[in-house]
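Asks:
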Amino acid sequence: MFELIHESIWVASHMTFTKHFAPNGNIGDIVAKDDAQMSTAHLLGMLSGVGLISVSHTPLFLFGVFAVLSPINIWSTVKLLNAADFEILNQAKLTLLSREFINQGSVIGYDQLKNKEIGFGEWVKPSAHIVKINLGASAEQAYENTDEIRDVLEIMKHENYLLNYHDHTMWVSLHEDATSNDVIRAILHSMKLHDALKDGSKGFLSCLQDTLEWSKEKYPKFVVELDQKNWQSDIVYWNDSGVRLDWKNHIKENDDPVIIN
Numbered sequence: 444m445f446e447l448i449h450e451s452i453w454v455a456s457h458m459t460f461t462k463h464f465a466p467n468g469n470i471g472d473i474v475a476k477d478d479a480q481m482s483t484a485h486l487l488g489m490l491s492g493v494g495l496i497s498v499s500h501t502p503l504f505l506f507g508v509f510a511v512l513s514p515i516n517i518w519s520t521v522k523l524l525n526a527a528d529f530e531i532l533n534q535a536k537l538t539l540l541s542r543e544f545i546n547q548g549s550v551i552g553y554d555q556l557k558n559k560e561i562g563f564g565e566w567v568k569p570s571a572h573i574v575k576i577n578l579g580a581s582a583e584q585a586y587e588n589t590d591e592i593r594d595v596l597e598i599m600k601h602e603n604y605l606l607n608y609h610d611h612t613m614w615v616s617l618h619e620d621a622t623s624n625d626v627i628r629a630i631l632h633s634m635k636l637h638d639a640l641k642d643g644s645k646g647f648l649s650c651l652q653d654t655l656e657w658s659k660e661k662y663p664k665f666v667v668e669l670d671q672k673n674w675q676s677d678i679v680y681w682n683d684s685g686v687r688l689d690w691k692n693h694i695k696e697n698d699d700p701v702i703i704n
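Counting from 444, one number per residue, gives the positions in the sequence shown under the numbering used here.
(1) Between the Cα of H632 and the Cα atoms of V521, L537 and A585, which residue gives the shortest distance?
(2) Ends of the alpha helix (DSSP H) at L640?
(3) Given this structure, state the Cα-to-Cα distance separating S491 from W453, to the nearest angstrom.
(4) One question on the structure: do W690 and V626 come within less than 8 Å of each other, judged by their Cβ atoms?
(5) Would you mind reading off the limits of the alpha helix (DSSP H) that contains Y680?
(6) In this structure, how does DSSP classify N525 when only helix, strand and coil are distinguished?
(7) Does the distance from the CB of A535 to the CB of E565 come in under 8 Å?
(8) Quick check on the burial criterion: 16 or more other C-beta atoms within 10 angstroms. Buried or exposed for V701?
(9) Looking at the strands, I want to know which residues DSSP matches up with I561.
(10) Please return the same chain residues whose Cβ sits closer than 7 Å to the Cβ of V498, not counting the five positions on each side in sequence.
(11) Ordered along the chain, which non-local residues of its own chain (more than five positions away) have a Cβ less than 8 Å from that of L640?
(12) Can you list, in chain order, the residues of its chain whose CB lies under 8 Å from that of F678, leaving out five sequence neighbours each side?
(13) Where A479 and H485 are concerned, what is the direct C-alpha to C-alpha distance, given to the nearest angstrom?
(14) Given that a residue counts as buried once 16 or more other Cβ atoms are within 10 Å of its Cβ, and exposed if not, what is G579?
(15) Would you call T654 buried or exposed, if buried means 16 or more other Cβ atoms sit within 10 Å of its Cβ?
(16) Spell out the partners DSSP gives H618 in its beta bridges.
(17) Work out the CA separation of N516 and S456 for me, nearest whole Å.
(18) Considering Cα atoms alone, identify which of T461, G468, T483 and S482 is closest to V474.
(19) Grab the span of the beta strand (DSSP E) containing K575 for me, first residue to last.
(20) When you compare each of I470, V686 and E450 to A585 by their alpha carbons, which one comes out closest?
(21) Can you grab the Cα-Cα spacing for the pair M613 / L688, in whole Å?
(22) Which term fits M444, buried or exposed, when burial requires 16 or more other beta carbons within 10 angstroms of its beta carbon?
(23) Determine the closest residue to N525 out of Q547, Y553 and H500, with distance taken between C-alpha atoms.
(24) Just the Cα atoms here: how many angstroms apart are H500 and P514?
(25) Compare the C-alpha of F544 against each of S451, I630 and L523 and name the closest.
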């Protein structure tokens, strides 16, 4: 059973690793070398197994060898995952990149971002003090009453996302026409809005209006620098409940720049 689980995981992730190690498009060459290495490793494994059984085939000896070699195998796999630097944007990476862009005015590369992540880049370290962002939230989750929705729509009715903040969470509701570029801008806007709210000098709606104008101004520079740093931002992965909204008088004022890698 465990062998089948391993096989399914390997099949699902193998091509991703192959593409990563073939930046020049030489996938056929990489696949050929990879298959040759795997065949060699399997042969060495079988020879090692036969050799160990010839030394002793007692259960104590075999389980002892297994106990020693298994951690080495796990360590090698972890080192492989750490060595593969995937410049693919997920919610954690995009949140950290937005934070650094707001603080420094520029986008950082993968190496500078790596020490702020945990779990192979799937989560943000608690020490980063990043606001929790819930993407794809329903209106019921994001708003306590219809007056809140009406006020936010008055400001953001032409956008492909809506923002609200309560329970220490930034709630992002996405329009049914929202794309990856809208998600990128929504997270950048969310981070800036949270900063404005922490300042406490203005109310929520004033902060929302001000940060909306800021995000419209800074977003083109943000996406251009993402492209320059080789972030693969044509597709963004995030935790999403799949809820999409529609609202009256929604007409995009203009098209946002689209990144083409």
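Each residue gets a CB set at the ideal place from its N, CA and C atoms; glycine is no exception. Predicted, not measured: the structure shown is a model, and the values here were computed from it.
Replies: With the given structure in hand:
(1) Nearest in C-alpha terms to H632, of all of V521, L537 and A585, is L537.
(2) Here the alpha helix (DSSP H) through L640 covers S623 to D642.
(3) Taking the CA atoms as reference points, S491 sits about 23 Å from W453.
(4) Taking 8 Å as the cut-off, the beta carbon of W690 is found no closer than this to the beta carbon of V626.
(5) Counting along the chain, Y680 falls outside any alpha helix (DSSP H), though it belongs to the beta strand (DSSP E) covering Q675 to Y680.
(6) In the structure shown, N525 sits in a helix (DSSP, three-state: H, G or I).
(7) A contact, by the Cβ cut-off of 8 Å.
(8) Note that V701 scores a pLDDT of 47, beneath 50, so its modelled location is shaky; the value from the coordinates is reported in the next line. Per the 10 Å Cβ criterion, exposed.
(9) Beta-bridge pairing links I561 to W566.
(10) Excluding positions up to five away in sequence, the list is empty.
(11) So the qualifying residues of the chain are Y608, F647 and C650.
(12) For clarity, residue 678 is Ile in the given sequence; the question names Phe instead. Cβ neighbours of I678 beyond the five flanking positions: I531, L532 and S623.
(13) Roughly 10 Å between the two C-alpha positions.
(14) Counting of Cβ neighbours within 10 angstroms places G579 among the buried residues, the total reaching 16 or more.
(15) Burial of T654 is indicated by the presence of at least 16 other C-beta atoms within 10 angstroms of its C-beta.
(16) H618 pairs with L688.
(17) Their backbone Cα atoms lie some 18 Å apart in a straight line.
(18) Residue T461 is the option with its Cα nearest to V474.
(19) From DSSP, the beta strand (DSSP E) with K575 extends over K575 to L578.
(20) Ranking I470, V686 and E450 by Cα distance to A585 puts V686 first.
(21) Cα to Cα, the separation comes out at about 17 Å.
(22) Exposed.
(23) Comparing alpha carbon positions, the residue from Q547, Y553 and H500 closest to N525 is Y553.
(24) Near 21 Å, if we compare the C-alpha coordinates of P514 and H500.
(25) Comparing Cα positions, the closest option is I630.
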